[in-house]
Every structure is written in structure tokens, then in C-alpha cells.
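Chemist: In UniProt numbering, the protein residues as written are 1 to 386.
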């Protein structure tokens, strides 16, 4: 039986919460959605939260709320899921990538500073930068935020991996260093709503724009309407929006899961520390943890010290898979995807990302992973690399 790299934990309490909604008058946009939004905003210390059907939708709406459109360019990291870049293209904008620090896998502030200085001279500064908190560890947001003040770009934190994490003592999602932060509630993430996402913000205008755009651009708020109301049934479409709504069924599951978030993160942190100890004598290097960060540990990634390993990266990965260890690789650099290769991106522009991709393997990590399973994972890794 394969040990997967991630697994959701759905309890009887979660099931009861969903069943309660099934017996109610509301299945789609009912009272559970705003309750979930308020709970996440309160947890993160942000003023507003907008629940949607995926983190991809949240990224798209965040770009739209910040006015991203044709003629603009958005920068992000190449080591991420495709949604972090696709969201800019959905808006008709261009995309570019900033190299990573291969020690952490996160967008490198020094590389960002160099690229911004060049872009300023060329007149090609970005409208938005999207740092991605890989594996649950925050990027160095204070440095990135300082650069945003100097060069005038907006920031969307892609915290799809990172709810429950902390940066410089505050919760990821407080938006102290960004305009908008986005979370994912996919089944393998820290908490789940089945599918779903959330955008949190402190700016009321941004939150209202995202909330309206998630539901076809329609408002029923008289304060937002452009003309007089025809009656109590009246609504107006103010924008060309989308059907990105979260359902009450999903929100009920999210509320229930949110109550265990800190417990989940604590267990992930405990397992990560145990991996660190078990792997200490092997020719592998876990991702470096910045002292300003407390990761939520969505993923546990190791980098192989290839010169000290008797097998290739591919051979190690295949051996683990063939022996029931459901390893994964997060991620293939986006510029290697055929769609992005067609835009002229090349690996030599991103040496940090290339090095990371040649060495990285994601080991299984989830709250219900047992120590016996973790021992099996490490023992199997030992057999191929020692």
C-alpha cells in the first residue's frame, strides 16, 4: 500500500457539519459562507475575507481587483503551480519570473531587487509581484514589501500552502506586507473544503470588488448601484464577473476543519522536526528555514546532494515510488512548460530554479502520518542513496 505525499483528515465532526447543511434551506450561498469568511479573517488578523471555489479563482480575482490588464506585467516565482502565473494571463497581462533562493525554494529578494533595477531602466516594471510561500514557509515579505514601496508595485501573497504559518511573529494572511493574500483548501492542503480558496485583504474596496466579481459582477447593495431600484427584486451587473462562489456545504466543512488548524500545523511541525533528525546522516538537505518564519509545513522537500548519492535524481524518485512511497516533485519550473517555453523563457535565466529542480523530492507529510510510516519512508530512502 502506497503512503501518499498528502492526505486529508475528515472526521465525524466534519461530516456532521456538512450533513447539517444538507438538511437546511441553504446549499450554495447561505449563512455558512460568511461565517467561514469571518472565521478566517479573525484567525489571520485581516479585515476582510472572500471565499471562492478555488485558490486559482482567488488569484484571478486578486489580479482583477488590483487592476491588472492588457499592457501590464506580473512577476512571480518559477517554482510554483501554474495558477500563480496563469492568473495574470487570464487578465490579458504579461508574465515574467524571478529566480529563487534554492535553499528555501522561495522567491529570492536579492534576485527581485536586481531585476527591478533593470526593469526600471527599461521601463518595464511590474504591476504586481506574487511571492509564493512554498511548502508553507513565508517568503521574506519585509524585504519584498520595501521594494514595492520603492518601485510602486502591488503584492499578492500566494499562501496556498501556508494557512496556519507565521512570519515575524504575525499570522500569514494579516496582509501587513501585501495587498491581498490567497489560501487554498484543496484536499491535500492544511485544511480542506473539498475544493475552495480564500482571498483576505485589509482594503475594503479590494474586498468588495473581489466579492462582486466572484458572482458575475452583480450587486444587490443599493450603495453600489448606478441607477434607481425598480423594487426589492432589483440587482445590477456592474462588471463582467465569474461564477467563482463557494457553497455552504464547502464552508461548513471549512469551519469544522478550521477548529483543528493549529493542531494540524503543530503535528506537521513535529513530523518535520522528526524528519530532520532521521535524515541528518543522509546525503540530503531539507529546505532551510528562515528564522523569521514558522512554516505550516504543507510539504516536506529534500534536496539530494547528487555528488554524494550513488543514484540519479530520477532513479531515487522512481525507486521510492516503486516501493510504495508516494513522493512528488513540487514543482517543475514553469518556464519548462511548453506553453511558457513558447514565450521565450529559458532555464539559463533561472539558475537557482534549475538547481532546485535537479535535486528536489517531496516526501510524504500529513497529520495522520504515523511514526512507523515515517520510519519506512526514511528506511526506503536509505536503501537507494546509501
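Glycine included, every Cβ here is placed at the ideal spot set by N, Cα and C. Note that the structure is predicted; figures quoted are calculated from it, not measured.
Just verifying my parser: in three-state terms, what is the DSSP assignment at residue 255?
Modeler: Numbered from its first residue, the chain shown carries residue 255 at position 255. Residue 255: helix per DSSP, three-state reduction.
Chemist: State whether the region 46 to 63 contacts the region 264 to 277, with contact taken as three or more CB pairs (one from each stretch) at a distance under 8 Å.
Modeler: No: fewer than three Cβ pairs fall under 8 Å.
Chemist: Are the beta-carbon atoms of residue 162 and residue 186 separated by less than 8 Å?
Modeler: For this step, residue 162 is matched to residue 162 along the chain shown. For this step, residue 186 is matched to residue 186 along the chain shown. Contact: no.
Chemist: For residue 104, which residues of its own chain have a beta-carbon under 6 Å away from its beta-carbon, when the five flanking residues on both sides are left out?
Modeler: Numbered from its first residue, the chain shown carries residue 104 at position 104. Closer than 6 Å at the Cβ level, and outside the excluded window around residue 104, lie 287 and 288.
Chemist: Should the region 317 to 329 be called in touch with the region 139 to 155, which here means at least 3 C-beta pairs below 8 Å?
Modeler: No: the two stretches stay apart, fewer than three of their Cβ pairs being nearer than 8 Å.
Chemist: For the 8 Å Cβ check, are there 3 or more pairs between the region 230 to 238 and the region 246 to 261?
Modeler: Because the criterion of three Cβ pairs below 8 Å is not met, the region 230 to 238 and the region 246 to 261 do not touch.
Chemist: Alpha carbon to alpha carbon, how far is residue 380 from residue 320?
Modeler: The count along the chain shown starts at 1 and reaches residue 380 at position 380. The count along the chain shown starts at 1 and reaches residue 320 at position 320. In a straight line, the C-alpha of residue 380 is about 7 Å away from that of residue 320.
Chemist: Below 8 Å, how does it come out for the region 86 to 100 and the region 293 to 311: are there three or more Cβ pairs, yes or no?
Modeler: No, the region 86 to 100 does not touch the region 293 to 311.
Chemist: Measure the beta-carbon distance from residue 14 to residue 256 and round it to whole angstroms, keeping in mind my assumption that it falls under 8 Å.
Modeler: What you label residue 14 is simply residue 14 of the chain shown in a count that begins at 1. What you label residue 256 is simply residue 256 of the chain shown in a count that begins at 1. With 8 Å as the limit, residue 14 and residue 256 qualify as a contact, their Cβ atoms being about 5 Å apart.
Chemist: Can you list, in chain order, the stretches of the alpha helix (DSSP H) that have 4 or more residues and sit fully within the region 114 to 170?
Modeler: Qualifying alpha helix (DSSP H) stretches, in chain order: 141 to 151.
Chemist: Considering only residues of the same chain and omitting the five flanking positions on each side of residue 275, which have a CB-CB separation below 6 Å?
Modeler: Looking up residue 275 in the chain shown gives position 275. The residues are 300.
Chemist: Give me the DSSP bridge partner(s) of residue 97.
Modeler: Reading the chain shown from its first residue, position 97 is the one you call residue 97. According to DSSP, which records beta bridges pairwise, residue 97 is partnered with 76.
Chemist: In the DSSP output, which residue or residues are listed as bridge partners for residue 219?
Modeler: The residue given as residue 219 occupies position 219 in the chain shown. Partner(s): 236.
Chemist: Once DSSP output is grouped into helix, strand and coil, what is the label at residue 200?
Modeler: By one-based count along the chain shown, residue 200 stands at place 200. Note: residue 200 maps to strand in three-state DSSP.
Chemist: With residue 300 as the anchor, note down where its beta strand (DSSP E) starts and where it stops.
Modeler: Position 300 of the chain shown, counted from the start, is the residue given in the question as residue 300. Counting along the chain, the beta strand (DSSP E) containing residue 300 begins and ends at 300 to 304.
Chemist: With distances taken between CB atoms, is the gap from residue 66 to residue 83 smaller than 8 Å?
Modeler: The sequence position of residue 66 within the chain shown is 66, counting from 1. The sequence position of residue 83 within the chain shown is 83, counting from 1. No, the Cβ-Cβ distance between residue 66 and residue 83 is not below 8 Å.
Chemist: Going by CA-CA distance only, name the one from 159, 209 and 199 that's closest to residue 190.
Modeler: The count along the chain shown starts at 1 and reaches residue 190 at position 190. Of the candidates 159, 209 and 199, the one whose C-alpha sits nearest the C-alpha of residue 190 is 159.
Chemist: Beta carbon of residue 67: closer than 7 Å to some heavy atom of the ligand ATP?
Modeler: Absence of the ligand ATP is noted for the structure shown, with no ligands found whatsoever.
Chemist: Return the chain-ordered list of same chain residues with a C-beta closer than 6 Å to the C-beta of residue 372, the five sequence neighbours on each side being excluded.
Modeler: What you label residue 372 is simply residue 372 of the chain shown in a count that begins at 1. So no residue of the chain qualifies.
Chemist: Hey, residue 61 and residue 244 are a contact pair by Cβ (cut 8 Å); roughly how many whole angstroms apart?
Modeler: Stepping through the chain shown from its first residue, residue 61 is reached at position 61. Stepping through the chain shown from its first residue, residue 244 is reached at position 244. Between residue 244 and residue 61 the Cβ distance is about 7 Å, and since that is below 8 Å, they are a contact.
Chemist: Just mark residue 21 as buried or exposed, buried being the case when its beta carbon has 16 or more other beta carbons within 10 Å.
Modeler: Taking the first residue of the chain shown as position 1, residue 21 is located at position 21. Residue 21 is buried by the Cβ-count criterion.
Chemist: Can the beta-carbon of residue 350 be found less than 8 Å from the beta-carbon of residue 335?
Modeler: On the chain shown, position 350 is the one that residue 350 refers to. On the chain shown, position 335 is the one that residue 335 refers to. For residue 350 and residue 335, yes; Cβs fall inside 8 Å.
Chemist: Assuming the contact rule is C-beta atoms closer than 8 Å, residue 18 and residue 253 should be a hit. Round their C-beta distance to whole Å, please.
Modeler: Within the chain shown, numbered from 1, the residue matching residue 18 stands at position 18. Within the chain shown, numbered from 1, the residue matching residue 253 stands at position 253. Going by Cβ atoms, the distance from residue 18 to residue 253 rounds to 5 Å, so yes, they are a contact pair.
Chemist: For residue 361, which residues does DSSP report across the bridge?
Modeler: Position 361 of the chain shown, counted from the start, is the residue given in the question as residue 361. According to DSSP, residue 361 bridges with 302.
Chemist: Where DSSP assigns a beta bridge to residue 49, which residues make up the other side?
Modeler: Counting from one through the chain shown, the residue named residue 49 turns up at place 49. BP columns for residue 49 point to 200.
Chemist: Can you look up residue 392 in the DSSP assignment and give me helix, strand or coil?
Modeler: The requested residue 392 is not part of the displayed model; the chain covers only 1 to 386.
Chemist: Taking only three categories from DSSP, how would you classify residue 443?
Modeler: The shown model of the chain, from 1 to 386, leaves out residue 443, and the question about it has no answer.
Chemist: Are the CB atoms of residue 212 and residue 239 within a distance shorter than 8 Å?
Modeler: The residue you call residue 239 lines up with position 239 of the chain shown. The residue you call residue 212 lines up with position 212 of the chain shown. Yes, the pair counts as a contact, with Cβ atoms nearer than the cut-off.
Chemist: Going straight from the alpha carbon of residue 68 to that of residue 130, what length do you get?
Modeler: As a working note, residue 68 is residue 68 in the chain shown. As a working note, residue 130 is residue 130 in the chain shown. Going from the Cα of residue 68 to the Cα of residue 130 covers about 12 Å.
Chemist: Write down the C-beta distance between residue 278 and residue 385 rounded to the nearest angstrom, noting that I regard them as a contact closer than 8 Å.
Modeler: Locating residue 278 in the chain shown gives position 278, counting from the first residue. Locating residue 385 in the chain shown gives position 385, counting from the first residue. The pair is not a contact, with the Cβ atoms about 13 Å apart (cut-off 8 Å).
Chemist: Quick one: grab the DSSP three-state call for residue 285.
Modeler: Counting from 1 along the chain shown, the entry for residue 285 is found at position 285. Here residue 285 sits in strand by DSSP.
Chemist: Report all residues from its chain with a CB closer than 6 Å to the CB of residue 72; omit the five preceding and five following residues, and keep chain order.
Modeler: One-based indexing of the chain shown puts residue 72 at position 72. Cβ within range, chain order: 93 and 127.
Chemist: Take residue 227 and list the residues in its own chain whose beta-carbon comes closer than 8 Å to its own, dropping the five residues that flank it on each side.
Modeler: The sequence position of residue 227 within the chain shown is 227, counting from 1. Closer than 8 Å at the Cβ level, and outside the excluded window around residue 227, lie 236.
Chemist: Taking the alpha-carbon of residue 148 as reference, which of 183, 205, 47 and 109 has the nearest alpha-carbon?
Modeler: Taking the first residue of the chain shown as 1, we reach residue 148 at position 148. The option with the nearest alpha carbon to residue 148 is 109.
Chemist: Nearest by alpha-carbon distance to residue 390: which of 123, 121, 116 and 122 is it?
Modeler: An answer regarding residue 390 cannot be provided, because it is not within the stretch 1 to 386 covered by the chain.
Chemist: Just to check my reading of the structure: residue 204 and residue 48 have Cβ atoms closer than 8 Å, yes? What is that Cβ distance to the nearest angstrom?
Modeler: The sequence position of residue 204 within the chain shown is 204, counting from 1. The sequence position of residue 48 within the chain shown is 48, counting from 1. Contact flag correct, Cβ pair sits at about 7 Å.
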